[in-house]
Amino acid sequence: MTKTIEIIRTPRKLLIGIIESLTTEQLNQIPAGFNNNIIWNIGHLIAAQQGVCYKRSGLELKTDEAFFQAYRPGTKPEGFVGGDEVERIKILLFSTLDELEADYDAGIFKTYTSVVTRYGIALTNIDDALNFLPFHEGLHIGCIIALKRLVSL
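Listed below in structure tokens is the structure:
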């Protein structure tokens, strides 16, 4: 599964480069026609990973519950995310991926509650979940790129 983790890690590294020139205000800006912003999309990548891997496996999250609830599927930005929280999100983008890889290698994902995603993709085990993540992250990175164009005007 190391290859799948690398397929997730590489675009996340590129994502940091995509947003590095943006201010905290730009990361929080919600352009007309959108219901979220760049920093929410990045937090959502982390929360979705936690949900489809850990929650569905009946395991404890690697983030706190408040973070998960703020960025889980079906949410939208509820307030301004300050600079310290932006930095925390950037760290979590990689630390949670490192933990996922270590936990997978340790074999802790023994059970899984199946789900069909809103995209019609059935996830029946941890391997399905890990294979779904690059697709999901690609969708949100596309949104982030579109949002960046709008907030950089």
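Residue numbers (this note's numbering): 1404 to 1556. Glycine included, each C-beta is placed from N, C-alpha and C at the ideal position.
When DSSP labels each residue in this structure, what does residue i get in the three-state scheme?
i, result
"Val1554", "helix"
"Ala1505", "helix"
"Ala1570", "Shown here, the chain extends from 1404 to 1556; a query on residue 1570 therefore has no answer."
"Val1484", "coil"
Assign residue i to one of two classes, buried (16 or more other C-beta atoms within 10 Å of its C-beta) or exposed (fewer than that).
i, result
"Arg1459", "buried"
"Glu1468", "exposed"
"Thr1466", "buried"
Are residue i and residue j closer than 9 Å when you measure CB to CB?
i, j, result
"Phe1497", "Arg1415", "yes"
"Trp1443", "Val1489", "no"
"Ile1548", "Ile1421", "yes"
Between residue i and residue j, how many whole angstroms is the CB-CB distance? I'm expecting something under 8 Å.
i, j, result
"Gly1446", "Ile1492", "5 Å"
"Gln1452", "Thr1405", "So it is not a contact: roughly 16 Å between Cβ atoms."
"Ile1433", "Pro1480", "7 Å"
"Phe1471", "Leu1550", "About 22 Å separates the two Cβ atoms, so there is no contact after all."
Under a CB-based cut-off of 9 Å, is residue i close to chain B?
i, result
"Asn1528", "This model lacks chain B altogether; it includes just one protein chain."
Along the chain, where does the alpha helix (DSSP H) that runs through residue i open and close?
i, result
"Arg1412", "1405–1422"
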